[in-house]
Amino acid sequence: MAQTEEIRGIGHRVRRVEDDRFIRGKGTYVDDVKLPGMLHMAILRSPYAHAIIRGIDTSRAEAHPGVVAVVTGELLAQHNLAWMPTLSYDTQAVLATDKVRFQGQEVAAVIAEDPYTAKDALELIEVDYEPLEPIVTPQRALEPDAPVIRTDKEGKTDNHIYDWETGDKEATDRAFAEADRIVALDTHYPRCHPAPLETCGCVADVNPATGQATIWMTSQAPHAIRTVFALVAGLPEEKIRIISPDIGGGFGNKVPVYPGYVVATAASLLLGRPVKWIEDRTENLISTGFARDFHMHGELALKADGTMTGLRSRSSPTRAPSTPTPSPQSSRWACSAS
Amino acid sequence: MEITVTVNGEPRTADVEPRMLLVHLIRETFGLTGTHIGCDTTSCGACTVLLDGVPVKSCTLFGVQADGRSVTTVEGLASGGELHPIQAAFKEHHGLQCGYCTPGMMLVGAALIERNPAPTEEEVRFAISGNICRCTGYMNIVKAIQAAAAARTGSGADESAA
Chain A
2 MAQTEEIRGI
12 GHRVRRVEDD
22 RFIRGKGTYV
32 DDVKLPGMLH
42 MAILRSPYAH
52 AIIRGIDTSR
62 AEAHPGVVAV
72 VTGELLAQHN
82 LAWMPTLSYD
92 TQAVLATDKV
102 RFQGQEVAAV
112 IAEDPYTAKD
122 ALELIEVDYE
132 PLEPIVTPQR
142 ALEPDAPVIR
152 TDKEGKTDNH
162 IYDWETGDKE
172 ATDRAFAEAD
182 RIVALDTHYP
192 RCHPAPLETC
202 GCVADVNPAT
212 GQATIWMTSQ
222 APHAIRTVFA
232 LVAGLPEEKI
242 RIISPDIGGG
252 FGNKVPVYPG
262 YVVATAASLL
272 LGRPVKWIED
282 RTENLISTGF
292 ARDFHMHGEL
302 ALKADGTMTG
312 LRSRSSPTRA
322 PSTPTPSPQS
332 SRWACSAS
Chain B
-13 MEITVTVNGE
-3 PRTADVEPRM
7 LLVHLIRETF
17 GLTGTHIGCD
27 TTSCGACTVL
37 LDGVPVKSCT
47 LFGVQADGRS
57 VTTVEGLASG
67 GELHPIQAAF
77 KEHHGLQCGY
87 CTPGMMLVGA
97 ALIERNPAPT
107 EEEVRFAISG
117 NICRCTGYMN
127 IVKAIQAAAA
137 ARTGSGADES
147 AA
């Protein structure tokens, strides 16, 4: 039997099983997955943060050599796939139908024989936008005359999403009432993006014979994603297999379900061929989950000798127009507050 | 147009669109997926390869610019079963986590120790300043490159490996 080194706990050297592949360039990240007959998808995104879509003309893109299909929200709506549930009991557009609700929102997708052609054809899609006032701060979002972003929600007349409180209010109030000194600070905890070195993407393969969907995805949460896919497609979970191959960093950015995954899967289902979608860096930065962006007010109750007796804080986080899944912190744009 | 590129020592011929990026030529046409794409904008260095021995970002060169030249990718670092000292050092010093930046980091490191057999920490940090790692921080990457330099010259300066 092989001798093992004595295990010393913290600081003990551990041989990682994946290193031998990685140092030889033999990792398998999602963009390394290549299937026979595979098509490539590129996504057209909104340049506006808030705009009505009056119409989308895809005819020139469809006629472009090498283009197999152009997918719009309207086409998805015919299959009841234009909106999807989130794991936070909300709904989210897969491809915009009525209007766009954040800059970079997915509006249409081109499926082509190769990625260069798919990107070329994006430029041939004409979208007729009617720009509306955008909201770029949580403060503006809560003003009574602010435009309502979630007009898709029946009866929604403002941009407020939720209030959430925690702590012992009575004890905190008492600490502040009895404090010798109170200091307060208004601050902004700025937005950051996890920016994993590998962007998001997937290869979706829906087998037309068996109906089995296999999706290779740079996902940190393959099980949660499978649940959402089952909900969107109305399929039992055993018909869906999500494979997370080697992941080029995630940091929370690869937890949510992004529309690109759903469009690629829908396209594979409709076309009967595997579809690959790999985001570029710009798409990753403008449209996937970011973090922080809290406008915060903090107060500290102190005794004369500096002993801290109470802490109170209020924060208005910038939030997505759709409550994202499943991490409440990493979200897609726009505003609300508590 | 038809081009011939020596890839990891072997001449390869391909008929490519003039606009095809070198990184796509390497990954898609030649099937060498160890070279990664991170930013598309020359910022992150995940796509770094050696062009005639010099590190370049293959997302910002066209494939046709490599015509008649020699390209080394991560797959060309080891010779036979033998790891290049830089690969052995990255493994030994935990110079990687997710592995995505690793090929670029190792190629930059390999080129550095080729021309500077005993780089200082500052020289290593300068050499990898065009390569981004999002997982580990750079401590162990720097350590690995210095250890590889020491191992290569047999100077025995690789104390941290002990």
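As you go down the protein sequences, you meet chains A and B in turn. Sequential numbering of the first sequence, starting at 2, is according to my numbering. Sequential numbering of the second sequence, starting at -13, is according to my numbering. Just so it is clear, CB atoms sit at the ideal spot from N, CA and C, and this is done for glycine as well. Please read all numbers here as calculations on a predicted model, not as lab measurements.
Asked, Found
"Contacting positions in the stretch 116 to 129 of chain B - beta carbon closer than 9 Å to chain A", "118, 119, 120, 121"
"Interfacial residues, the stretch 32 to 51 of chain B to chain A, with Cβ spacing under 8 Å", "32"
"6 Å Cβ shell around residue 182 (chain A) - same chain, five flanking residues per side excluded", "303"
"Range of the contiguous beta strand (DSSP E) that encloses residue 340 (chain A)", "There is no way to answer for residue 340 (chain A), as the model of chain A reaches only from 2 to 339."
"Contact under 9 Å by Cβ, residue 249 (chain A) with residue 49 (chain A)", "no"
"Extent of the continuous alpha helix (DSSP H) run through residue 46 (chain B)", "Neither: residue 46 (chain B) is in no alpha helix (DSSP H) and is coded neither H nor E."
"Cβ of residue 146 (chain B) within 9 Å of any chain A Cβ", "Low confidence applies here, because residue 146 (chain B) scores a pLDDT of 44, under 50, leaving its location unreliable and the question unanswered by this model."
"Residues in the stretch 11 to 25 of chain A having any Cβ partner in chain B nearer than 8 Å", "17, 19, 20, 21, 22, 23, 24, 25"
"As assigned by DSSP and simplified to three states, the class of residue 144 (chain A)", "coil"
"Chain B contact residues for residue 250 (chain A), given Cβ-Cβ distances below 7 Å", "84, 86, 120, 121"
"Interface flag, residue -3 (chain B) vs chain A, CB-CB below 9 Å", "no"
"Where residue 18 (chain A) falls: helix, strand or coil (DSSP)", "coil"
"For residue 312 (chain A), the first and last residue of its enclosing beta strand (DSSP E)", "309 to 318"
"Within-9 Å CB hit, residue 198 (chain A) to chain B", "yes"
"6 Å CB neighbourhood of residue 189 (chain A) in its chain, flanking five on each side removed", "296"
"Interface flag, residue 192 (chain A) vs chain B, CB-CB below 9 Å", "no"
"Interface residues of chain B facing residue 74 (chain A) [CB-CB closer than 8 Å]", "In chain order: nothing, as chain B lies at least about 27 Å away."
"Beta-carbon neighbours of residue 182 (chain A), restricted to chain B and to distances below 9 Å", "Those within 9 Å of residue 182 (chain A) in chain B number zero; the least Cβ separation is about 39 Å."
"Proximal chain A residues relative to residue 64 (chain B), where beta-carbon distance stays under 9 Å", "24, 25"
"Rounded separation between residue 137 (chain B) and residue 89 (chain B) - CA only", "19 Å"
"Own chain residues within Cβ distance below 6 Å of residue 329 (chain A), not counting five before or after", "In this predicted model, residue 329 (chain A) has a pLDDT of only 33, less than 50, meaning its place in the structure is not dependable; the value taken from the coordinates is given anyway. Hits under 6 Å: none found."
"Delimiting residues of the alpha helix (DSSP H) encompassing residue 178 (chain A)", "170 to 178"
"Reduced DSSP category for residue 57 (chain A) - H, G, I as helix; E, B as strand; rest coil", "strand"
"Proximity of residue 94 (chain B) and residue 113 (chain B) at Cβ, strictly below 9 Å", "yes"
"Residue range of the beta strand (DSSP E) that includes residue 303 (chain A)", "292 to 303"
"CB contact flag (residue 277 (chain A), residue 204 (chain A), <9 Å)", "yes"
"Interface residues of chain B facing residue 28 (chain A) [CB-CB closer than 7 Å]", "85"
"Residue 288 (chain A), buried or exposed, once every other Cβ within 10 Å from all chains shown has been counted against 16", "buried"
"Neighbour flag for residue 23 (chain B) against chain A, beta carbons, 9 Å", "yes"
"Chain-ordered chain A contacts of residue 59 (chain B) [CB-CB under 9 Å]", "26"
"Residue 73 (chain B): contacting residues in chain A (beta-carbon distance under 9 Å)", "24, 25"
"Enclosing beta strand (DSSP E) for residue 189 (chain A) [first to last residue]", "182 to 193"
"Neighbourhood of residue 5 (chain B) by C-beta distance below 7 Å, restricted to the same chain and skipping five residues each side", "48"
"Min CB distance residue 143 (chain B) to chain A below 9 Å", "The predicted model places residue 143 (chain B) with a pLDDT of 48, which falls under 50 and marks its position as unreliable; any figure quoted below should be read in that light. For residue 143 (chain B), the answer is no, since every Cβ of chain A falls outside 9 Å of its Cβ."
"Minimum length 3: unbroken beta strand (DSSP E) runs contained in the stretch 222 to 283 of chain A", "241 to 244, 276 to 279"
"Residue 331 (chain A) versus residue 110 (chain B) - alpha carbon distance", "Low per-residue confidence applies at residue 331 (chain A): pLDDT is 32, beneath 50, and the placement is therefore not dependable enough to give any value."
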